[in-house]
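In this note's numbering, the protein residues as written are 630 to 896. Beta carbons: idealized from backbone N, C-alpha and C, even for Gly. What follows is a set of notes on a single structure, which appears directly below.
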Amino acid sequence: MTKLDLPTDKMIAEKADGIGWMTFNNPARRNAIGFAMREAILEIIDDFNSDDDVRVIVMQGAGDKAFVSGSDISEFAERRATPEQREIYDALSSKVNEAYGRIEKPLIAMIRGFCMGGGLGTALQADLRIASEGSEFGVPAAKLGVGYPYRNMKKLIDVVGPAKTKEIFFTGRRFSDQEALAMGLINQLVPADALEDTVRELAATIAGNAPLTVRSTKVIVAEAFKDPDERDIAMCDELVEACMNSDDYAEGRTAFMEKRKPNFVGR
C-alpha cells in the first residue's frame, strides 16, 4: 500500500490493488471539512486521477459516527470573518467541486453514520453510495435559513428527482437508511460490520473491468444529464470508438473464448 504525503493529517490517501482510498480524518468534529482538508483533497484527486494504476476511488469518513458533517464551522472566525477571507474560502471550495467533476474514474462513497448537509453534498459527488445500517441523511437548510445554490441542488435532483428533493429541503428533517434506499439516494444498504468488505468487493470488481469502457460509461451518463445544447455527442462517440479499437477489447474477446478472466490494461 502506498500512502500519500499530505499537508494535513486530517486527510488520508492510500493506494493499493487498483483502488485509491480517500479518508476524511476529523472524527472529533464528525469529519467536518476544513480549509487545509480542502487543499489536501485537491492534491489527492490530482494524484489519483493521473495514476493509471488507480482504477476506482473510495472516499470515507474516519470512525463510525459520520461520513462528513459539512464544513468545519469552528474555522469560520479565522477563515471567513472578512469579505476577503470569504472570497478565498469560497474560491477554494469551488476548486474542490470542480476537481470532483474532473475525476475520470468511478468514485464510491462509503457511508457510516450521519451524512447531513454539506456531507450529503460530498456524498453526491460520488457515482455510487454504499451505506451501513443506521446511517441518517438530510439537508437542514430550512432550519438554519441557509440558501442552496443551483449546482448543489441539481446534483440531488438528478439522483432522487424533484419531488424527493423538495421533501428533503422543505422539511429539513433526517431521513432513515431505509428511506434513503427507497428514494435511490444510496445504491446499497448493508450491515455495519459488512460495509468495508462490501465496498472492497465492489471496488475490486470495477477495478478488474476494462478501464476504457468504465470511463466512457461515466462520461456518457454525465453528458446525458446536461442540457441538450451542452452535450458533446461527438466526444461520446469517440470514447466508444476508442473502446472498440482497444487492446482491451481484443483481450476481452480472447478471454471469453478461452473461458478465462481477462487482463485489462486500459488501452
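Under the three-state reduction of DSSP, A691 is assigned to coil, being neither helix nor strand. Bridge partners of L736 according to DSSP: I686.
When DSSP states are grouped into helix, strand and coil, G813 belongs to the coil group.
When DSSP states are grouped into helix, strand and coil, R709 belongs to the coil group. Assignment of V819 by DSSP, reduced to helix, strand and coil, places it in the strand class.
Partner residues in the beta bridge of I759, as assigned by DSSP, are M739 and Q817. Residue range I648 to F653 is occupied by the beta strand (DSSP E) that includes F653. With a beta-carbon spacing of about 4 Å, R659 and S698 fall inside the 8 Å limit used to define contacts.
Apart from sequence neighbours up to five positions away, the residues of its chain that approach T827 with a beta-carbon distance below 8 Å are I759, Q817 and V819, ordered along the chain. By alpha-carbon distance to R896, the top candidate from N781, F854 and L868 is L868. For the pair I797 and G767, the Cα-to-Cα distance works out to about 6 Å. K632 sits in a strand when the DSSP states are folded into three classes.
Judged by their CB atoms, A821 and R684 are not nearer to each other than the 8 Å cut-off. Of the other Cβ atoms in all chains shown, 16 or more fall within 10 Å of the Cβ of P840; this residue is therefore buried. Closest in alpha carbon position to G790, among N654, M812 and G649, is M812.
In this structure the stretch 686-705 lies against the stretch 744-754, because at least three pairs of beta carbons, one per stretch, are closer than 8 Å. Under the 10 Å beta carbon count, V775 is surrounded by fewer than 16 other beta carbons and is classified as exposed.
Membership of G776 in any alpha helix (DSSP H) is not indicated, and neither H nor E is assigned to it by DSSP.
Per DSSP, the unbroken beta strand (DSSP E) holding K644 starts and ends at M640 to A645.
C-alpha of S703 to C-alpha of T846: approximately 40 Å in a straight line. Linking F804 to R708 through their CA atoms gives a straight-line distance of about 31 Å. Judged by their CB atoms, E765 and C744 are nearer to each other than the 8 Å cut-off.
Per the C-alpha coordinates, the member of R667, G692, Y779 and S700 positioned closest to V725 is R667. Here the alpha carbon of R715 sits roughly 22 Å from the alpha carbon of P769. Using a 10 angstroms sphere on the CB of S875, the tally of other CB atoms reaches 16 or more, which defines it as buried.
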